[in-house]
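*Asks:* One structure follows; several queries about it will come next.
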Amino acid sequence: MVLLMGLWFTVVIFLLGIPRDHCVQIIGGKESVPHSRPFMAKIKGSMLCGGSLIKRNWVLTAAHCNTTKNAEVILGIHSEKDTTKQVFKVKKPIPHPCYDRATKENDIMLLQLNKRAKLNKNVAIIKFPRLYDDLKAGTQCLVAGWGITKSGSEKASDVLREVNVTVIARSTCNDQKHYNSRPLVTVNMVCAGDKKGGKDSCTGDSGGPLMCNGKQRGIVSFGQGCGKPQYPGVYTLLTDKYSLWIKSVIQGNL
Ligand code: ARG
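Heads up: the sequence shown begins at 8 in our numbering, then just goes up one per residue.
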């Protein structure tokens, strides 16, 4: 009997010890089906970032990506080796005027491309929600990117990867067990990850879209490390205010 219990114990410990996901990608995700996320943009500037195509000549990304005119924006790829790729220059980077590096508020930026993208099977415009309401805790979302696949790694992914993340209540995200309001997760931000950790965006995924129910609801903004249960990913929440800002910027730059 004692022997049997000991055996069980060993089995349980062994199972607990195994990483939940054997192939850890983005962080805890998987390789996307090639070209299944045709709105994804890869931004190669001073840092690697993701973005989403919102109009044929406009890409939405994060302000902290610090994209300049020297950056290259690539559409239509799974891997950079793809012959389907469309390469652009940035005609005008427009970070949100109120982006604050310290508080991370308004981490959103528009990039006007030097030409219009050709829309096809591999390049498409992302969908936005009809209503920019808050995201309820527990909502299932998806984040994709070419960022690193392991915390502390130096190598970005050649292929697009994605992971499912769950929206975490703002009150939880700000409590002492999580960010402890350092920095404060505001109403313009949303936390998403996994209660147990291990599922997250990471370095190089910044600026990419957070997709919930097939619509873009957020932008990869920040975290503390990657995949840690106490520090879920924090995303810029696309609110009415940002939707209006986007519309006005595009209107003013025709
Ligand atoms: N800020 C980082 C970047 O520039 C990654 C942000 C996401 N971090 C996270 N743990 N979800 O790529």
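Beta carbons: idealized from backbone N, C-alpha and C, even for Gly.
1) Just to confirm the assignment, what range does the alpha helix (DSSP H) spanning Gln258 have?
2) Less than 9 Å between the C-beta atoms of Ser213 and Gly154, yes or no?
3) Return the Cβ separation of Asn121 and Lys157 in integer angstroms, given the expectation that the two are a contact with Cβ distance under 8 Å.
4) I want to know whether the region 76-87 touches the region 228-247 - three or more CB-CB distances under 8 Å.
5) Across the region 158-175 and the region 196-211, are there enough close Cβ pairs to call them in contact, namely three or more that are closer than 8 Å?
6) Going along the chain, which residues of its own chain have a beta-carbon closer than 7 Å to the beta-carbon of Lys49, five neighbours each way excluded?
7) What is the DSSP secondary structure of Asn121, reduced to helix, strand or coil?
8) Can you give me the C-alpha to C-alpha distance between Lys162 and Ile33, rounded to a whole angstrom?
9) Below 8 Å, can you find three or more Cβ-Cβ pairs linking the region 123-135 to the region 179-191?
10) Are the CB atoms of Met47 and Ala199 within a distance shorter than 9 Å?
11) If you measure from the beta carbon of Leu142 to each beta carbon in chain C, is any gap under 9 Å?
12) Between the Cα of Gly232 and the Cα atoms of Val192, Ser164 and Gly159, which residue gives the shortest distance?
13) In terms of alpha-carbon separation, which member of Tyr106, Gln93, Asp165 and Thr68 lies closest to Lys37?
14) In angstroms with no decimal places, state the Cα-to-Cα distance between Ile226 and Lys92.
15) Assuming Ser53 and Asn73 are in contact, meaning their beta carbons sit under 8 Å apart, how far apart are those beta carbons, in whole angstroms?
16) Where do the ends of the beta strand (DSSP E) carrying Thr243 lie?
*Replies:* In terms of the structure at hand:
1) Start at 1 with the first residue of the sequence shown, and residue 258 comes out as number 251. Taken as a continuous stretch (DSSP letters only), the alpha helix (DSSP H) holding Gln258 covers Asp247 to Gln258.
2) Along the sequence shown, read from residue 1 onward, the residue named residue 213 stands at position 206. Along the sequence shown, read from residue 1 onward, the residue named residue 154 stands at position 147. Yes.
3) The sequence position of residue 121 within the sequence shown is 114, counting from 1. The sequence position of residue 157 within the sequence shown is 150, counting from 1. Contact doesn't hold; Cβ gap of about 35 Å is too wide.
4) No, because fewer than three Cβ pairs between the region 76-87 and the region 228-247 fall closer than 8 Å, the two stretches do not touch.
5) Counting Cβ pairs under 8 Å, three or more are found: they touch.
6) Position 42 of the sequence shown holds residue 49. Closer than 7 Å at Cβ, skipping near neighbours: Gly57, Ile81, Ile84 and Trp153.
7) For the purposes of this step, residue 121 is taken as the residue at position 114 of the sequence shown. Coil.
8) Against the sequence shown, residue 162 aligns to sequence position 155. Against the sequence shown, residue 33 aligns to sequence position 26. Taking the straight line from one Cα to the other gives about 11 Å.
9) Taking a cut-off of 8 Å for Cβ pairs, the region 123-135 and the region 179-191 do not touch, as fewer than three such pairs fall below it.
10) To locate residue 199, count along the sequence shown from 1; it is residue 192. To locate residue 47, count along the sequence shown from 1; it is residue 40. The answer is no: Cβ separation not under 9 Å.
11) The structure shown contains no chain C; it holds only a single protein chain.
12) To locate residue 232, count along the sequence shown from 1; it is residue 225. Nearest neighbour of Gly232 by Cα position, chosen from Val192, Ser164 and Gly159, turns out to be Gly159.
13) In the sequence shown, residue 37 corresponds to position 30, counting from 1. Checked all of Tyr106, Gln93, Asp165 and Thr68; the closest Cα to Lys37 is Asp165.
14) Locating residue 226 in the sequence shown gives position 219, where the first residue counts as 1. Locating residue 92 in the sequence shown gives position 85, where the first residue counts as 1. Rounded to whole angstroms, the gap between the alpha carbons of Ile226 and Lys92 is 23 Å.
15) Taking the first residue of the sequence shown as 1, we reach residue 53 at position 46. Taking the first residue of the sequence shown as 1, we reach residue 73 at position 66. So it is a contact: roughly 6 Å between Cβ atoms.
16) Within the sequence shown, residue 243 is the residue found at index 236, counting from 1. Residues Gly240 to Leu244.
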